[in-house]
Every structure is written in structure tokens, then in C-alpha cells.
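Residue numbers (this note's numbering): 13 to 491.
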């Protein structure tokens, strides 16, 4: 872990800043600014290691700070359960899965070369439970505070504004080289060589890798496309300009997956009916949840995907093949302990006879599957899929009843954004705070479908607020 006083100070100051945000802003906006701002601008790889606490890094500190601020300043709590039976089941699997992993991996593992990996104890199970709490808190806060289509639109507006601001350091890195983290925090967080692509630089700014920046930028462009379509004619030109600018930023990220998402899904958002967008989102979410089974039985068109990647770049085809080869070896290893996985301390990896690690875990799905097994995978990915499917279901119901206004497009567009992130979790470990926040936001907005007036409320909330009374501030899209 890098040693940087400036980085530690930045992390320490974010907690009181979060309290200030909740005291000054609406709870929805305070949550979005604290979580997204912390993820985008706080230092990577640096954390406080406090006993009986999760690793206090750029994900955990904003999550814990927002949860405490909501409770202590606004007197509001965000329970982990209560968002529906399927979401509750997934949360229960996530919370209990770590103990199952610890109990089924109490034996030491002898891997060769005299290397012995220790067995897990109940303490490891408690540690797994503690470390999964910050992302679950973000999800729960999203459920609590995103309660309508207007709130969902607020999420999109803040995301667009955040990526517009972030584009400034991104452009600096594209022009000068990825040095922002070095200049501010005093260290570089990854391999500099991997930030060089196609004769130029990929921006990394303060995130884990250029791939993460590319995905966040695409999601900002996705949100801008939704707002462009939903904007009234008099402001559509401005939103279209914002969208085109963010699409240029996606191109400058020099990441093939982000280019693919941009080419396929931005036209879909701009032109397709909400019902078609919802079907695409649901299909992708279900496919990701079923991916381990499809992969195991050879139903994923690996050769075709490698051929397509090879037509773009031999380097990209090699990188993709390397990922597929590693996940296949790890998937065979998981079958020895399928339900709860192998746990921590590199037990989830495959070794040679000398004790050298032979495998690399790139995709989030294989990281979770190898370490937490089927239970952990279904819990985490199921929670995301439940949000997508619930949002699509509510949008379909509203469309069928007629007069739903903009709400179905907001729900299906956000569901598509989350499902694209889920697809990206196959080759990459891009599970970010935005992933959990968006899942909670969709779950929260869809939860109100149970009330008789849900459709009317969602429709009204999707429209601009014209109340100019002293107790009502206008709700504007932040761009």
C-alpha cells in the first residue's frame, strides 16, 4: 500500500465533508455527491486499517459517512432488508456467504514448493462480513433516497455533471500523460505501460485503471443520452452538445469495450421505444447471472468473440484469450468447492508444483465465484439483476396502462446502464460505487409500484417541478 500523507489527509477529511453535504443539500444530492465524488477524486490503493472495521478506503469512507450522516443529521435509516423478497434473499446470501466460506475452508491447503496456505477461521468469516458492508450501505442508501422517477433523473444529472468535471483532468492526461495521481497524491497506481494505447495515453486520473475511467465516462454519456431524449425542445440542443462532448471523451479513453457500448447502446437509448430498451436490459442481466453455467457447458461463443477481437487488434484478441483461459482454469478449480468457494489468502488460485501462482483473476465474476462460490456469486450478481428486472417490470406495467410519461424510459434506460455494467464485470472487475448506487436507485424507484398511486407519482415526479413556494426549491438537472 502506498504511503502518502496527502492521500491519508484527503481520506480523513472526506468524512466531515460528507456530514456537511448532508447538512446543506437534499439527501439525494448529498448521497450522490459524497459517493461519486469520493470515488472519482479520493486516492486509490490507500486506506486506513482499523481493527473491527472494513478497509477504510475511497469506497468505504463515503459509504459509512453517508450512512452515519443520514442517521445522525436527518434521523433517517436505510435498512438492508425491506426492498422486496428477492432483494432480501440476495442480501442474506451476501451476508451469510462469508461464514459459509470460512466454515468450509478450515483446512490448510498444500500447494507445492513447501507452501502452505492457512485454513480459514470464524474470524475470517467476520472479516468478510465487515468488508462487504460498505457497498451494501451504498445500495441501501440508494433504495432509501431514490424513491421516484424525479430522484432517478437526479442520479443521471449528477452523473453527467461529475463526468463533465472529470473530463478536465482526463484531457490533461490524454495530452501530457497519466500523471494526475502522481502530482496530487505522490504515487502512480498501476502499470504506466498499460496506459499507453494506439499511439497515445489512456486517462486514469484517480481511479484503479484506464478501463474504469472508460466505463465511468461511457455511463456519463449514457446518462446524457437519456437526458437528451427526455429534455424539452428548448434545452435539447444543449444536452445534445453535452452528449457529443462525452462521446468524444469515450473515444479518447481508447478502450475497446467502451467503444462497443457506445456504438451499440447510445443509438438504442436515443431512438428505441422503452419496451425494447427494457428487453435488452433484462436479457443482458439474465445472461450475466447465467454466465458461469453457460461457460461451463461451452455455450459461450468464445472462438467467435476472439475472431471479432482479432479483426480489431491482435493485441486485444490476445488479452481477451488470456482472460478466457484463466477463467476456465479457475472455473475448474471452483468445481472442487462450488457452493462457498475457496476464500482468502490466494486459496482461490491455481499453483504449479513449485508454489507459483498460475492464474490471474481479471473479471469480477470469477473473482467472486472462485473466492465465494455459487452462494456469493448469486448474492452479488443476483442483487444487481433483481434491480434491472424490477425496473423493467415496473416500466412495462406503466407503459401498458398508458399515460406514464417519461418514467418508463427513465426506468428502462437506467436498467440498461446497470446491465451494461454487469456485462463489463465478465472481463473486468469494474464493480464500482456507482454500480451499487444505481442498483439501489432502481430498486428504490421500482419499489413504489406496489402502491396504488405509483404510476401517477412516478409520472408526476418525472415532470419538472413548477412549485415556486418558499419551502420548495426547483429541481433542476445538474449539468
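Here a beta-carbon is modelled for each residue, glycine too, at the ideal position from N, C-alpha and C.
Residues of its chain near residue i, where Cβ-Cβ distance is below 6 Å and the 5 sequence neighbours each way are ignored
{"i": "residue 273", "result": "230, 432"}
{"i": "residue 98", "result": "398"}
{"i": "residue 221", "result": "202"}
{"i": "residue 333", "result": "318"}
{"i": "residue 115", "result": "none"}
{"i": "residue 321", "result": "328, 329, 332"}
{"i": "residue 42", "result": "33, 34"}
Option in the options with minimal Cα separation from residue i
{"i": "residue 377", "options": "126, 436, 330", "result": "436"}
{"i": "residue 132", "options": "438, 156, 398, 356", "result": "356"}
{"i": "residue 283", "options": "113, 172, 49, 238", "result": "238"}
{"i": "residue 327", "options": "259, 209, 250", "result": "209"}
{"i": "residue 139", "options": "174, 125, 374, 113", "result": "113"}
{"i": "residue 299", "options": "393, 70, 116", "result": "393"}
{"i": "residue 88", "options": "35, 215, 123, 96", "result": "35"}
{"i": "residue 19", "options": "38, 201, 26, 55", "result": "55"}
{"i": "residue 409", "options": "458, 82, 451", "result": "458"}
{"i": "residue 204", "options": "190, 443, 78, 353", "result": "190"}
{"i": "residue 430", "options": "183, 163, 451", "result": "451"}
{"i": "residue 281", "options": "183, 426, 152, 333", "result": "426"}
{"i": "residue 382", "options": "171, 84, 353", "result": "353"}
{"i": "residue 560", "options": "80, 64, 41", "result": "The requested residue 560 does not occur in the structure, where the chain is confined to residues 13 to 491."}
{"i": "residue 207", "options": "244, 29, 226", "result": "226"}
Cβ neighbours of residue i in the same chain (closer than 7 Å, five flanking residues each side left out)
{"i": "residue 286", "result": "407, 411, 420, 421, 424"}
{"i": "residue 120", "result": "128, 129, 130, 131"}
{"i": "residue 168", "result": "235, 238, 239"}
{"i": "residue 233", "result": "255, 258, 259, 262, 274, 278"}
{"i": "residue 465", "result": "Residue confidence is low: residue 465 scores 46 on pLDDT, short of 50, so the model does not pin down where it sits. No coordinate-derived value is stated."}
Residue i vs residue j beta-carbon contact at 8 Å
{"i": "residue 193", "j": "residue 218", "result": "yes"}
{"i": "residue 158", "j": "residue 453", "result": "yes"}
{"i": "residue 446", "j": "residue 107", "result": "no"}
{"i": "residue 341", "j": "residue 371", "result": "yes"}
{"i": "residue 428", "j": "residue 223", "result": "no"}
{"i": "residue 58", "j": "residue 23", "result": "yes"}
{"i": "residue 375", "j": "residue 349", "result": "no"}
{"i": "residue 176", "j": "residue 254", "result": "yes"}
{"i": "residue 50", "j": "residue 17", "result": "no"}
{"i": "residue 404", "j": "residue 293", "result": "yes"}
{"i": "residue 343", "j": "residue 329", "result": "no"}
{"i": "residue 492", "j": "residue 142", "result": "Within the shown structure, residues of the chain are numbered from 13 to 491, placing residue 492 beyond reach of any answer."}
{"i": "residue 45", "j": "residue 52", "result": "no"}
{"i": "residue 438", "j": "residue 303", "result": "yes"}
{"i": "residue 110", "j": "residue 137", "result": "yes"}
{"i": "residue 153", "j": "residue 78", "result": "yes"}
{"i": "residue 146", "j": "residue 86", "result": "no"}
{"i": "residue 185", "j": "residue 144", "result": "no"}
{"i": "residue 198", "j": "residue 367", "result": "no"}
8 Å CB neighbourhood of residue i in its chain, flanking five on each side removed
{"i": "residue 118", "result": "131, 132, 133"}
{"i": "residue 369", "result": "358, 361, 362, 363"}
Coarse secondary structure for residue i, derived from DSSP in three states
{"i": "residue 131", "result": "coil"}
{"i": "residue 172", "result": "helix"}
{"i": "residue 26", "result": "helix"}
{"i": "residue 208", "result": "strand"}
{"i": "residue 456", "result": "helix"}
{"i": "residue 463", "result": "Summary for residue 463: the model assigns pLDDT 41, below 50, so the residue's position carries little reliability, and this model does not support an answer."}
{"i": "residue 378", "result": "helix"}
{"i": "residue 60", "result": "strand"}
{"i": "residue 353", "result": "coil"}
{"i": "residue 123", "result": "strand"}
{"i": "residue 200", "result": "coil"}
{"i": "residue 93", "result": "coil"}
{"i": "residue 363", "result": "strand"}
{"i": "residue 449", "result": "helix"}
{"i": "residue 369", "result": "strand"}
Residue i beta carbon near the ligand PLP (any heavy atom closer than 7 Å)
{"i": "residue 419", "result": "The model depicted lacks the ligand PLP and carries no ligand whatsoever."}
* Looking at C-beta atoms only, is the number of pairs between the segment 86-103 and the segment 379-389 that lie closer than 8 Å three or more? -> no
* Specify whether the segment 259-267 and the segment 391-404 touch according to this definition: at least 3 beta carbon pairs, one from each stretch, less than 8 Å apart. => Taking 8 Å as the limit for Cβ pairs, the verdict is that the segment 391-404 does not touch the segment 259-267.
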